[in-house]
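Trainee: This is the structure I want to talk about, given as structure tokens.
Numbering (the working numbering), first residue to last: 128 to 391.
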């Protein structure tokens, strides 16, 4: 296999039947193989994203609706899936296909109250207490994957009241009592004001004049040094108003008679 070279150096002998160009062919094949493996490794590289999820409203109550929204763009993804607790087929709620493909498929954990919406959001309507738990989302696309989860706890009104601290309860009680006292003070003030106004109006309207054309009788209290006078008036119609008046004065017939003016 080896032969002595000039100058005392040895070089590799060519195998029987092989010509010297075989080494160039072997080198080219090695280069091509390395390039192929490198390209395959680059194509198989997948970028992974941790997906953050927000919920609205932050506190979920029984009977209300909650919206789970992804805080990440879906531009590079082809589909996303929502799961209850863990991301397995048995716990799949819904899979949403992103544009240009549009549509969705539901899974075993779908109750009919979950709706997949824009941007891979998940809307859960009419929350039940057993909806409490962890919700997982996975996203897939060409050379990209993503995953995130969020925990929600569905509360009822009694549990919210029990979570109030003693200081909050005391503050609420004091505020209620103070509000009632303030309302009572306002009502008392208004009633007192109305009573005083009625008294003033009654005092200012002591003499009420009667309508004209009727018998009048007015009785007022005289001031010191003044006389108290009472007036009475009677009105009669004359029998004949068409008779001409004579030039000579004569006593008046029954006309308007002033009955009396009394001094007291």
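Every residue gets a Cβ at the ideal spot worked out from N, C-alpha and C, and that includes glycine.
For residue 272 and chain D, any beta-carbon pair shorter than 8 Å?
Mentor: The structure shown contains no chain D; it holds only a single protein chain.
Trainee: Are residue 212 and residue 260 closer than 8 Å when you measure CB to CB?
Mentor: Indexing the chain shown from 1 puts residue 212 at position 85. Indexing the chain shown from 1 puts residue 260 at position 133. Taking 8 Å as the Cβ cut-off, residue 212 and residue 260 qualify as a contacting pair.
Trainee: Pull up the CB-CB distance for residue 199 and residue 178, whole angstroms please, since I reckon it's below 8 Å.
Mentor: Locating residue 199 in the chain shown gives position 72, where the first residue counts as 1. Locating residue 178 in the chain shown gives position 51, where the first residue counts as 1. With a Cβ gap of about 5 Å, residue 199 and residue 178 count as contacting.
Trainee: Look up residue 252 in the DSSP assignment and say whether it is helix, strand or coil.
Mentor: Within the chain shown, residue 252 is the residue found at index 125, counting from 1. It is coil, neither helix nor strand.
Trainee: Could you check whether residue 247 and residue 310 sit closer than 8 Å to each other, using their CB atoms as the reference points?
Mentor: For the purposes of this step, residue 310 is taken as the residue at position 183 of the chain shown. For the purposes of this step, residue 247 is taken as the residue at position 120 of the chain shown. Not in contact: residue 310 and residue 247 (Cβ atoms no closer than 8 Å).
Trainee: How would you call residue 186, buried or exposed, if buried means at least 16 neighbouring beta carbons within 10 angstroms?
Mentor: As a position in the chain shown, residue 186 is number 59, starting the count at 1. Answer is exposed; the Cβ neighbour count stays below 16.
Trainee: I'd like the span of the beta strand (DSSP E) that includes residue 275, first residue to last.
Mentor: Position 148 of the chain shown, counting from 1, holds the residue named residue 275. Looking at the DSSP string, the run of the beta strand (DSSP E) that includes residue 275 is 271-279.
Trainee: Within its chain, find whatever has a CB closer than 6 Å to the CB of residue 183; leave out the 5 residues flanking it on each side and keep chain order.
Mentor: Looking up residue 183 in the chain shown gives position 56. Excluding positions up to five away in sequence, the list reads 194.
Trainee: From residue 321 to residue 313, what distance separates their C-alpha atoms?
Mentor: Within the chain shown, residue 321 is the residue found at index 194, counting from 1. Within the chain shown, residue 313 is the residue found at index 186, counting from 1. When rounded, the distance between both Cα atoms is 12 Å.
Trainee: Within a Cβ cutoff of 6 Å, which residues of the same chain sit near residue 191, ignoring the five residues on either side of it in sequence?
Mentor: Taking the first residue of the chain shown as position 1, residue 191 is located at position 64. These residues qualify, in order along the chain: 254.
Trainee: Which term fits residue 221, buried or exposed, when burial requires 16 or more other beta carbons within 10 angstroms of its beta carbon?
Mentor: Residue 221 sits at position 94 when you count from the first residue of the chain shown. Buried: at least 16 other Cβ atoms inside 10 Å.
Trainee: Out of curiosity, what's the CA-to-CA distance linking residue 215 and residue 233?
Mentor: As a first step, residue 215 must be located in the chain shown, where it is residue number 88. As a first step, residue 233 must be located in the chain shown, where it is residue number 106. Computed Cα separation, rounded: 13 Å.
Trainee: List, from N- to C-terminal side, the beta strand (DSSP E) runs of 3 residues or more that fit wholly inside the stretch 172-248.
Mentor: Counting whole runs of 3 or more residues, the stretch 172-248 contains the beta strand (DSSP E) stretches 174-177, 180-183, 193-197, 206-211, 219-224, 230-233 and 241-243.
Trainee: Quick test of your reading: residue 173 and residue 272, contact by CB under 8 Å. State the CB separation rounded to the nearest angstrom.
Mentor: Along the chain shown, read from residue 1 onward, the residue named residue 173 stands at position 46. Along the chain shown, read from residue 1 onward, the residue named residue 272 stands at position 145. Their Cβ separation, rounded to whole angstroms, is 6 Å, which keeps residue 173 and residue 272 in contact under 8 Å.
Trainee: Roughly how many angstroms lie between the CA atoms of residue 242 and residue 294, to the nearest whole one?
Mentor: The residue you call residue 242 lines up with position 115 of the chain shown. The residue you call residue 294 lines up with position 167 of the chain shown. C-alpha separation (whole angstroms): 41 Å.
Trainee: Using a Cβ-Cβ cutoff of less than 6 Å, which residues in the same chain neighbour residue 281 once the five nearest sequence positions on both sides are dropped?
Mentor: As a first step, residue 281 must be located in the chain shown, where it is residue number 154. Counting only Cβ-Cβ distances below 6 Å, and skipping sequence neighbours, we find 187, 189, 254, 256, 258 and 259.
Trainee: Put residue 259 into one of helix, strand or coil per three-state DSSP.
Mentor: For this step, residue 259 is matched to residue 132 along the chain shown. Residue 259 falls in the coil class under three-state DSSP.
Trainee: Using a threshold of 8 Å, state whether the C-beta atoms of residue 202 and residue 267 are closer than that.
Mentor: Position 75 of the chain shown, counted from the first residue, corresponds to residue 202. Position 140 of the chain shown, counted from the first residue, corresponds to residue 267. In this structure, residue 267 does not lie closer than 8 Å to residue 202 by Cβ.
Trainee: Closest to residue 236 by C-alpha separation, out of 301, 209 and 269, would be which residue?
Mentor: Along the chain shown, one-based indexing puts residue 236 at 109. Closest option to residue 236, Cα to Cα, is 209.
Trainee: Excluding five sequence neighbours on each side, which residues of the same chain lie with their C-beta closer than 6 Å to the C-beta of residue 276?
Mentor: Taking the chain shown and counting its residues from 1, one reaches residue 276 at position 149. Only 261 and 263 meet the Cβ criterion.
Trainee: Whole angstroms are fine: how far does the CA of residue 239 sit from the CA of residue 284?
Mentor: On the chain shown, residue 284 is found 157 positions in, with the first residue counted as 1. On the chain shown, residue 239 is found 112 positions in, with the first residue counted as 1. Computed Cα separation, rounded: 25 Å.
Trainee: Just to confirm before moving on: does the CB-CB distance between residue 225 and residue 231 stay below 8 Å?
Mentor: Position 98 of the chain shown, counting from 1, holds the residue named residue 225. Position 104 of the chain shown, counting from 1, holds the residue named residue 231. Taking 8 Å as the Cβ cut-off, residue 225 and residue 231 do not qualify as a contacting pair.
Trainee: Nearest CA to the CA of residue 249: which residue from 217, 181, 218 and 301?
Mentor: Residue mapping note: residue 249 aligns to position 122 of the chain shown, counting from 1. Checking every option, the nearest Cα to that of residue 249 belongs to 181.
Trainee: Please confirm whether residue 274 and residue 265 have their CB atoms less than 8 Å apart.
Mentor: Here residue 274 is taken as the residue at index 147 of the chain shown, counted from 1. Here residue 265 is taken as the residue at index 138 of the chain shown, counted from 1. Yes, they are a contact pair.
Trainee: For residue 176, which of 301, 270, 298 and 299 has the nearest alpha-carbon?
Mentor: Residue mapping note: residue 176 aligns to position 49 of the chain shown, counting from 1. Among 301, 270, 298 and 299, the Cα nearest to that of residue 176 belongs to 270.
Trainee: CA-CA distance, residue 303 and residue 245?
Mentor: The residue labelled residue 303 in the question sits at position 176 within the chain shown. The residue labelled residue 245 in the question sits at position 118 within the chain shown. Their Cα atoms are separated by approximately 45 Å.
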